[in-house]
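Visitor: Keeping their order, the protein sequence lines are chains A and B.
Residue numbering for the first sequence is 5 to 350, as defined by this note's numbering.
Residue numbering for the second sequence is 142 to 413, as defined by this note's numbering.
Cβ coordinates follow ideal geometry from the N, Cα and C atoms, glycine included.
Only a predicted model underlies this, so the values are computations on that prediction, with no experimental measurement involved.
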Amino acid sequence: MKVRGRVVRTRHVSFRFADRTVLVSLALLLAVIGVGLVTLTSGDFELTVAEVANSLIGRGDGASDFIVLTLRLPRLLTGILVGIALAVSGGILQGLSGNPLASPDILGFVQGSATGAILVIVLVDGGMAEVGAGALVGGVATSVVVYLLAFKQGVQGFRLILIGIGVSFIMLSLNQYLITRASLSDAIAAQAWQVGGLNGRGWDHVRVVGSAVAVLLPLALYFGRRLALLEMGDATARGLGVDAERTRFALIAISVGLAAVATAAAGPVSFLALAAPQLARRLTGSAGAGLVPAALMGALLLVAGDLAVQRLFSPAQLPVGIATGAIGGLYLIWLLAHEWRRGIAR
Amino acid sequence: MTRLRAEGLTLAYDERTVAEGLGVVIPDGSFTVIVGPNACGKSTLLKALARMLKPTSGAVYLDGEVITTYRSKEVARRLGLLPQTSIAPGGITVGELVARGRYPHQRLLKQWSVRDEEVVTEAMRLTNVLDLAGRMLDELSGGQRQRVWLAMVLAQETAILLLDEPTTFLDIAHQIEVLDLCADLHEENGHTLVAVLHDLNQACRYATHLIAMKPGEGIVAQGDPSEIVTADLVEDVFGLPCRVVPDPETGTPLIVPLKRQRVPVAESLTAL
Numbered sequence: 005m006k007v008r009g010r011v012v013r014t015r016h017v018s019f020r021f022a023d024r025t026v027l028v029s030l031a032l033l034l035a036v037i038g039v040g041l042v043t044l045t046s047g048d049f050e051l052t053v054a055e056v057a058n059s060l061i062g063r064g065d066g067a068s069d070f071i072v073l074t075l076r077l078p079r080l081l082t083g084i085l086v087g088i089a090l091a092v093s094g095g096i097l098q099g100l101s102g103n104p105l106a107s108p109d110i111l112g113f114v115q116g117s118a119t120g121a122i123l124v125i126v127l128v129d130g131g132m133a134e135v136g137a138g139a140l141v142g143g144v145a146t147s148v149v150v151y152l153l154a155f156k157q158g159v160q161g162f163r164l165i166l167i168g169i170g171v172s173f174i175m176l177s178l179n180q181y182l183i184t185r186a187s188l189s190d191a192i193a194a195q196a197w198q199v200g201g202l203n204g205r206g207w208d209h210v211r212v213v214g215s216a217v218a219v220l221l222p223l224a225l226y227f228g229r230r231l232a233l234l235e236m237g238d239a240t241a242r243g244l245g246v247d248a249e250r251t252r253f254a255l256i257a258i259s260v261g262l263a264a265v266a267t268a269a270a271g272p273v274s275f276l277a278l279a280a281p282q283l284a285r286r287l288t289g290s291a292g293a294g295l296v297p298a299a300l301m302g303a304l305l306l307v308a309g310d311l312a313v314q315r316l317f318s319p320a321q322l323p324v325g326i327a328t329g330a331i332g333g334l335y336l337i338w339l340l341a342h343e344w345r346r347g348i349a350r
Numbered sequence: 142m143t144r145l146r147a148e149g150l151t152l153a154y155d156e157r158t159v160a161e162g163l164g165v166v167i168p169d170g171s172f173t174v175i176v177g178p179n180a181c182g183k184s185t186l187l188k189a190l191a192r193m194l195k196p197t198s199g200a201v202y203l204d205g206e207v208i209t210t211y212r213s214k215e216v217a218r219r220l221g222l223l224p225q226t227s228i229a230p231g232g233i234t235v236g237e238l239v240a241r242g243r244y245p246h247q248r249l250l251k252q253w254s255v256r257d258e259e260v261v262t263e264a265m266r267l268t269n270v271l272d273l274a275g276r277m278l279d280e281l282s283g284g285q286r287q288r289v290w291l292a293m294v295l296a297q298e299t300a301i302l303l304l305d306e307p308t309t310f311l312d313i314a315h316q317i318e319v320l321d322l323c324a325d326l327h328e329e330n331g332h333t334l335v336a337v338l339h340d341l342n343q344a345c346r347y348a349t350h351l352i353a354m355k356p357g358e359g360i361v362a363q364g365d366p367s368e369i370v371t372a373d374l375v376e377d378v379f380g381l382p383c384r385v386v387p388d389p390e391t392g393t394p395l396i397v398p399l400k401r402q403r404v405p406v407a408e409s410l411t412a413l
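1) May I ask which residues mark the beginning and end of the alpha helix (DSSP H) holding A/S177?
2) Determine, for A/A291, whether the minimum Cβ-Cβ distance to residues of chain B falls below 8 Å.
3) Establish whether the CB of B/V261 and some CB of chain A are separated by less than 8 Å.
4) Do A/G245 and B/Y244 have their beta-carbon atoms positioned less than 8 Å apart in this structure?
5) Determine the burial state of A/Q379: buried for a count of at least 16 other Cβ atoms within 10 Å of its Cβ, exposed for fewer.
6) If we cut at 8 Å on Cβ distances, does B/T175 have a partner in chain A?
7) Determine whether the Cβ of A/E50 lies closer than 8 Å to any Cβ atom of chain B.
8) Hey, which unbroken runs of the alpha helix (DSSP H) at 4 residues or more fall wholly within the region 186 to 270 of chain B?
9) Within the continuous alpha helix (DSSP H) that includes B/E148, where are the two ends?
10) Can you pull the chain A neighbours of B/V216, defined as C-beta to C-beta under 7 Å?
11) Return the residues of the region 204 to 238 of chain A that lie within a Cβ-Cβ distance of less than 9 Å from chain B, sorted by chain order.
12) Note down the Cα distance separating A/A349 from B/L220, rounded to an integer number of angstroms.
13) Can you have a look at A/Y226 and say buried or exposed, based on whether 16 or more other CB atoms are within 10 angstroms of its CB?
14) Would you kindly report the start and end of the unbroken beta strand (DSSP E) that includes B/R157?
15) Using the three-state DSSP reduction, which class does A/R13 fall into: helix, strand or coil?
16) Counting only beta-carbon atoms, is A/A154 nearer than 8 Å to chain B?
17) Kindly indicate if chain B contains any beta-carbon less than 8 Å away from that of A/R350.
18) For a test of the three-state rule: what should DSSP assign to A/F113, helix, strand or coil?
19) Going by other Cβ atoms of all chains shown within 10 Å of its Cβ, with 16 needed for buried, is B/W290 buried or exposed?
20) Just to confirm before moving on: does the CB-CB distance between A/I125 and A/N179 stay below 8 Å?
21) Going by other Cβ atoms of all chains shown within 10 Å of its Cβ, with 16 needed for buried, is B/P224 buried or exposed?
22) Let me confirm a value: A/S187 is counted as buried when at least 16 other C-beta atoms fall within 10 Å, else exposed. Which label applies?
23) With respect to the beta strand (DSSP E) encompassing B/R384, which residues constitute its N-terminal and C-terminal limits?
24) Using a Cβ-Cβ cut-off of 8 Å, state whether A/V128 counts as contacting chain B.
25) Can you tell me the Cα-Cα spacing of A/L33 and A/L182, whole angstroms?
26) For the beta strand (DSSP E) holding B/D305, just list the boundary residues, first then last.
27) Looking at B/E318: is its Cβ nearer than 8 Å to the Cβ of B/G284?
28) DSSP three-state label for B/S282, please.
29) Three or more C-beta pairs under 8 Å: does that hold for the region 372 to 392 of chain B against the region 189 to 208 of chain B?
30) Out of A/G95, A/L90, A/L202, which one is the CA nearest neighbour of A/L311?
31) For the beta strand (DSSP E) containing B/V174, list its first residue and its last residue.
32) Under 8 Å, Cβ to Cβ, is there at least one residue of chain A near B/Y244?
33) Spell out whether any CB of chain B is found under 8 Å from the CB atom of A/S18.
34) Helix, strand or coil: how does DSSP classify A/A327 here?
35) Please determine, among B/K400, B/L302, B/Q363, the residue with the shortest C-alpha to C-alpha distance to B/L381.
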């Protein structure tokens, strides 16, 4: 075996996997399931695993059905889906720009979503669905502006980041301005939205984020192979038959879509899109886009963070972004410090 | 019938025209080397041949059709490119990098066939990096790394290889190592090679077909180096007075610059 990895081959299908990537992905998946089980069983109203399982297969009693199916499960699923969406969104941008700083919150997409949401809150007094739609439109519109401003015979990574940071600060000050001009109740609603979180997320959120992930995740994985080639530079990728600019546009569109939907559903969740792909990449230690382990890492960080804010700080309802920032940040610092001490960080 | 040629190429970056009216025929099975001073457009011409740069006018033909009419992957199965610089992905092994050269042959559900594995192994054997297959790319020396990149392009299984300054950033021993490898590929495997080189003597030694370019004038000579390389040509193209003698090793033209014309110091001072 001259090329490392495990090979799976039948007559019509053949794949090669890095062992460690498979192991890390499985471990992350198990961890997500574990945290999910704790989330569903623990809390103010303790349930056994059997009671939860009965509710899940439709044989539970009324009380546990309500707690599991109406309160805890949709919140858990929204968390998993938002985590996947943000992590994949960040992983794509980091791969495209070759820069670990690139993520939807650094490039202003998230701030643009906030502008959209706040405009709806302040101007139209919209409900939950309208605010979500406003966030979606705001995020997509901002990313189009960033893309067009960064476009000069194609979009280069560094230019994208600098323009994104600029636009992000403009949107940030616009958001502040809008809030100072708003009535007190609107300002409170806008501020609450900006803090984000998974409180009170129901099946509507699961459906919206779920359908976006169901469409965009397979596309992201499909383009993921080309993403790995683009990381070697445009000339090399094009030499190998990758249509660089079209692929980059498609990948940015997928990334924007995932980030905008996630932000519309859960508000701005800071740091996750930046940290999850980095953590996954360091754990798997392999080259390539690595979007699957990144997605699982994103889901784990978000549900673990949400569990932490629900149980550790209860009854205060902290936004999940605080926990993902703290958990992900600490873990990333630990990993980096560990690598630097061993002298292998890149 | 040649597989790769260009007619009436005008090449430009933005508004700035680099070269006009270029006509090139790359003889099948040749080791073609493009030479010329800086800014003559030699790398630009190679980029156009590799469909990396869209000509302002004229066209590049691959197997009789305008190259842009093919799908990108289809071109990549016929013509390989080693760019001047590639970015090595972090944490990649030599084998994994070479395996990426198989991309144009792979499909969504067929990502690592037996054939892929055989070709990748063969590409590493030809470039003498098989023993390094499990090593991390960033642990290797510059010369080894360049052989690995070459292996990746070989894994594309194309008869035509375009190499953009493959010896830049290498010391003299590694330059010769890479060029010897190219000559082997050309002679033993029948690859058609097109390379941009800076060193005129290396170009004369290795090329079977030489294309000389001059800034503003485009291609001024093409043909067998032994036939076209003269002192006049070198002076015309590079502005370098020189003698051309037979290379004592290979008999190919060897360019020897004329020695410095000394102006006696005392004389030049009194002239003031």
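Guide: If we stick to the structure as given:
1) 161 to 185
2) yes
3) yes
4) Against a cut-off of 8 Å, the Cβ pair of A/G245 and B/Y244 comes out as a contact.
5) The first residue shown for chain A is 5 and the last is 350, placing residue 379 of chain A beyond what the model contains.
6) Looking at the sequence shown, residue 175 of chain B is not Thr but Ile. Residue contact with chain A for B/I175: absent (no Cβ-Cβ distance below 8 Å to any residue of chain A).
7) no
8) 213 to 219, 235 to 241, 255 to 267
9) Where B/E148 is concerned, there is no enclosing alpha helix (DSSP H), although the beta strand (DSSP E) it sits in stretches over 145 to 154.
10) G245
11) Cβ contacts with chain B: Y226, R229, R230, A232, L233, E235, M236, G237, D238.
12) Because A/A349 carries a pLDDT of 44, less than 50, the predicted location of this residue cannot be relied on, and the following value inherits that uncertainty. Using only the alpha carbons, I get a separation of about 36 Å.
13) exposed
14) 157 to 167
15) strand
16) no
17) Reliability fails at A/R350, whose pLDDT of 44 lies under 50, so the model's placement of it is uncertain and no value is given.
18) helix
19) B/W290 comes out buried.
20) no
21) buried
22) exposed
23) 383 to 387
24) no
25) Going from the Cα of A/L33 to the Cα of A/L182 covers about 41 Å.
26) 301 to 305
27) yes
28) coil
29) no
30) The shortest C-alpha to C-alpha distance from A/L311 to any of A/G95, A/L90, A/L202 is the one to A/L202.
31) 172 to 176
32) Yes, B/Y244 counts as interfacial toward chain A.
33) At least one beta carbon of chain B lies nearer than 8 Å to the beta carbon of A/S18.
34) helix
35) Looking at the Cα atoms, B/K400 is the closest of the given residues.
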